[in-house]
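J.: Residue numbers (UniProt numbering): 1 to 57. Next up is a structure, given as structure tokens.
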Amino acid sequence: MIGALLASGLPAGEAAAAAAFVHARAAAAAAADPGPQDAPTSASRILAHIRTALARL
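Here it is in structure tokens:
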């Protein structure tokens, strides 16, 4: 994600901060979704929410 943001022209610090923010928002949305709650949230569940998290920036 950081690489894509860098390629879009964001400075390195902003790209890293934005990627961390989007990842955290996507993880929170994935954790709130119904599903197995006794296991850690998987990367695939987080990935499913990345687009929504980016759209809400």
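The C-beta atom is built at its ideal place from N, Cα and C for all residues, glycine as well. As the structure is a prediction and not an experimental result, all values here were calculated from the model.
Kindly give me the distance between the Cβ atoms of Ala19 and His49, rounded to whole angstroms, as I take these residues to be in contact under 8 Å.
T.: Reading the sequence shown from its first residue, position 19 is the one you call residue 19. Reading the sequence shown from its first residue, position 49 is the one you call residue 49. With a Cβ gap of about 14 Å, Ala19 and His49 do not count as contacting.
J.: According to DSSP, simplified to helix, strand and coil, what is Arg56?
T.: Residue 56 sits at position 56 when you count from the first residue of the sequence shown. Here Arg56 sits in coil by DSSP.
J.: Within 10 angstroms of the Cβ of Ala32, are there 16 or more other Cβ atoms? Answer buried if so, exposed if not.
T.: Residue mapping note: residue 32 aligns to position 32 of the sequence shown, counting from 1. Under this definition Ala32 is an exposed residue.
J.: Alpha helix (DSSP H) containing Ser8: first to last residue?
T.: For the purposes of this step, residue 8 is taken as the residue at position 8 of the sequence shown. Element bounds for Ser8: n/a, residue is neither H nor E.
J.: Going by the beta-carbon positions, is the gap between Arg25 and Ala53 smaller than 8 Å?
T.: Counting from 1 along the sequence shown, the entry for residue 25 is found at position 25. Counting from 1 along the sequence shown, the entry for residue 53 is found at position 53. It is a contact, given that the beta carbons lie within the stated cut-off.
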